[in-house]
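Each residue of the sequence shown is one higher than the last, beginning at 51 in the numbering used here. Read the structure below first, then the notes.
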Amino acid sequence: MTISKPFKPTKQQLIEAAGKTLPDVIGPNLRVLFCGINPGLYTAAVGHHFARPGNRFWPALHKSGFTDRLLSPFAERELLKSGIGISNVVAHATASAAELTKADFTEGGRSLAAKVERYHPRIVAILGLGAYRQAFGQPKATVGEQEEGIHSARVWVLPNPSGLNANYQLPQLVRMFGELRAKTIG
């Protein structure tokens, strides 16, 4: 397996990343399929999920026990060995999730549901409460396990791990990721 060498995108590469998509890290019968809101420009420019420096996804994944070491976004495919995958609710990159429309979320929810039907993950963890509410028509949803699943998968909503999300710090994210991990053991 070839692992891409990390690099920092130029300003021009960031501009050109708008609208790009990333390949999912996905396979059949995963323990957990983590779904970001949508790729940011930095992530799309480098071509790997949760790649922007300051994003707390990778540290939270490791410190909660999902991985035995801190992985780089450039090693994201290693997650599949542990039954973990990554996708997004909305596939295309934007500078900010605030640029996404209701139609983007509606279509993204349909697309994600089709992936869940095809790949059968046990749990879908959506990393962004607002994204889940809009994509799945659940305006009163809260963080944590949801009553309604997606096909046969249970659904968990976790906070967006972006470093820009000041409402949740790394220790809180680690605790919440750990609660989810406890549900995937066994």
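Just so it is clear, CB atoms sit at the ideal spot from N, CA and C, and this is done for glycine as well.
With contacts defined as CB atoms closer than 9 Å, K70 and A95 qualify as a contacting pair.
Taking V75 as the centre and dropping the five residues before and after it, the same chain places the C-beta of H99, E126, R127, L129, L130, G135, I136 closer than 7 Å to its C-beta, in chain order.
Straight-line spacing of the CA atoms in A185 and W206 works out to 14 Å.
For V224, the uninterrupted alpha helix (DSSP H) segment begins and ends at 220–234. The C-beta distance from P209 to L223 rounds to 6 Å, short enough to meet the 8 Å contact threshold.
For S161, the enclosing alpha helix (DSSP H) starts and ends at 152–169. Straight across, the Cα-Cα distance linking A191 with G213 is about 23 Å. Listed in chain order, the non-local C-beta contacts of I200 below 6 Å within the same chain comprise A163, V166, V174, local neighbours out to five positions each way being set aside.
Contact annotation: N217 and D154 have beta-carbon atoms that are not nearer than 9 Å.
By DSSP's assignment, T144 forms a beta bridge with G90.
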